[in-house]
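Reviewing the structure listed below.
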């Protein structure tokens with residue numbers, strides 16, 4: 414191994430010694446430039462790409478909080494000279510955002526800390542304005558956390574306490590604008606109004622106004638609030654429709670890319686109350702029931718005596734005789750019986766549910782959407798096929814898009830999903846005949862991927878072009894004829910004799926017109942063939958010696 418390295422080193426040294434000083438300097442500069450260019454290219458391509466975490470400018474306190482969280486999570490970061498922005502590596506951007514979200518850093522908007530950060534030149538009016546702005550943003554941020562609210566804007570009108578008499582006739586007011594994701598219930602809107610009133614000093618709930626992003630008044634003067642959200646029947650209808658919509662989407666969501674549900678429910682708000690009382694015997698098979706009280710009494714009476722004949726004496730005409738009892742005695746007997754029975758009594762009071770869905774009159778419409786992918790690269794490879802959705806000969810990609818978009822593709826629900834109507838009917842609780850489902854294919858076009866070149870690639874291309882130009886220049890210079898001094902071997906006696914015969918012929922070519930020209934030719938000959946000149950001199954000396 415060492416011998417191989419030695420040979421390679423000797424070859425390199427021998428090759429290097431072939432160049433003169435100027436060529437060596439030139440090659441050294443080229444090599445140095447190539448090394449520097451490669452170093453710059455490697456630095457540009459391998460250095461981390463930094464991205465800003467927040468587009469807006471941060472305060473110094475916010476920057477310090479963010480940097481503390483990122484340093485604790487071992488995320489490389491750097492700040493600008495002013496300390497108003499912070500950057501992280503592109504691959505660490507998502508991780509940094511999640512870490513900051515977990516720590517709730519920074520607090521968005523104008524904070525009370527910023528409001529209290531006052532300089533010596535801050536006036537009292539400016540301090541109050543900053544505190545009011547901080548309070549408005551705090552209320553807006555907290556209202557935005559309520560379910561169904563996407564964002565909120567709060568504007569407070571707080572009377573100044575500079576003039577006691579004017580302040581006594583003024584009341585604080587608040588206006589809230591809500592950007593809603595879903596409809597809010599009456600209780601939710603009233604809760605927001607009371608929350609705002611309770612968060613601001615001397616603010617009565619009657620002075621709170623709430624509107625949505627469409628300009629509808631949601632809260633005005635406490636309970637007497639106009640608008641559909643304040644109607645109890647409409648609120649129940651919306652709640653029932655929202656629940657059915659949620660159930661249907663949860664079932665159809667995994668089957669399609671998008672599901673849109675529009676229920677139209679008819680609710681029965683008629684009030685109906687019915688009371689029933691059922692009496693029955695606790696003894697099975699007995700209609701009387703249990704005896705709780707029984708009283709039986711008997712009374713007898715008898716007696717009689719011989720008395721005078723009442724009235725006047727009758728004519729003695731003779732009367733027939735009959736067999737009769739004792740006319741002067743009587744008997745009486747009385748029986749009394751009192752029995753009380755205990756029976757079971759069942760009282761039933763029925764009240765029909767208010768706001769129940771009338772399934773026969775309610776209906777639901779469902780639109781399902783399924784994505785249809787059109788890949789430009791694949792379609793261009795299969796151009797000219799008989800498929801309707803194929804790219805035709807001579808048809809551009811933009812023309813193909815327009816043709817597909819102008820012809821909607823309908824999904825045959827009955828063939829592809831025969832049980833879908835029953836599925837929706839069971840989920841909504843409505844009749845199958847009142848369920849309508851339509852399906853469409855939504856075209857999704859995937860263009861050829863055209864990756865834009867970054868400035869780093871242009872820099873690399875420029876460096877590569879310069880290197881190629883330098884290499885070509887070096888090759889051209891190397892191809893030019895060079896003056897190489899050859900070292901002739903030592904001549905033998907026979908070779909000296911031959912050369913002594915040749916040299917006079919070469920000397921004949923020297924012109925003897927002018928002495929200076931002859932001298933130049935001789936000097937040139939001496940420079941080009943010093944060994945030949947030395948041999949010639951030796952031959953001359955040897956001849957003279959002989």
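In my numbering, the protein residues as written are 414 to 959.
Think of the CB as a built atom: it goes at the ideal place given N, C-alpha and C, for glycine as much as any other residue.
Only a predicted model underlies this, so the values are computations on that prediction, with no experimental measurement involved.
Query	Result
N- and C-terminal bounds of the beta strand (DSSP E) containing residue 563	562 to 570
Identity of the residue in 628, 481, 505, 655 nearest residue 596 by Cα	655
Coil, strand or helix - residue 819 by DSSP	coil
Beta-carbon spacing of residue 823, residue 802 below 8 Å	no
Assigned exposure category for residue 424 - 16 Cβ within 10 Å defines buried	exposed
Cα-Cα separation, residue 633 to residue 540	31 Å
Supposed close pair residue 661, residue 486 - CB separation, criterion 8 Å	Contact doesn't hold; Cβ gap of about 43 Å is too wide.
Inter-stretch contact at 8 Å, needing at least 3 Cβ pairs: the region 459 to 474 / the region 483 to 501	yes
Opposing strand residues paired with residue 465 [DSSP bridges]	500
Residues near residue 675 by beta carbon distance below 6 Å, same chain, minus five either side	778
Helix, strand or coil at residue 802 according to DSSP, with G and I counted as helix	coil
Under the three-state DSSP convention, the category residue 913 falls into	Unreliable placement is indicated for residue 913, whose pLDDT of 48 sits below 50; no coordinate value is reported for it.
From 759, 587, 858, residue whose alpha carbon lies closest to that of residue 572	587
Beta-carbon spacing of residue 488, residue 514 below 8 Å	no
Beta-carbon proximity check, residue 480 vs residue 490, cutoff 8 Å	yes
Extent of the continuous alpha helix (DSSP H) to which residue 507 belongs	506 to 516
Cβ-heavy atom distance, residue 463 to the ligand PLP, below 7 Å	As far as ligands go, the structure on display features none, and thus does not contain the ligand PLP.
Span separating the alpha-carbon of residue 594 from that of residue 561	5 Å
Residue 697 (DSSP reduced to helix, strand or coil)	coil
Where residue 436 sits in the DSSP three-state scheme	helix
Own chain partners of residue 658 with C-beta closer than 7 Å, once the 5 adjacent residues on each side are dropped	674, 676
Inter-residue Cα distance where the pair is residue 543 and residue 598	34 Å
Run of the beta strand (DSSP E) containing residue 678, from where it starts to where it stops	Residue 678 -> no beta strand (DSSP E), and no H or E assigned at all.
First and last residue of the uninterrupted alpha helix (DSSP H) at residue 590	It is not in any alpha helix (DSSP H) - residue 590 instead sits in the beta strand (DSSP E) that spans 586 to 593.
Check whether residue 616 and residue 650 have beta carbons under 8 Å apart	no
Other residues of its chain near residue 567: CB distance less than 6 Å, five sequence neighbours each side excluded	549, 552, 553, 589
Neighbourhood of residue 844 by C-beta distance below 7 Å, restricted to the same chain and skipping five residues each side	772, 773, 838
Residue 854 - containing beta strand (DSSP E), residue span	848 to 859
Separation of residue 852 from residue 558, as counted between CA atoms	36 Å
Burial state of residue 620 (16 or more Cβ within 10 Å)	buried
Reference residue 832, options 665, 686, 672, closest by Cα	665
Beta-carbon proximity of residue 775 to residue 847, cut-off 8 Å	yes
Check whether residue 682 and residue 767 have beta carbons under 8 Å apart	yes
Bridge partners - residue 489, DSSP secondary structure assignment	Residue 489 pairs with nothing; no bridge assigned.
For residue 714, the nearest candidate out of 695, 876, 943, 748 (CA to CA)	748
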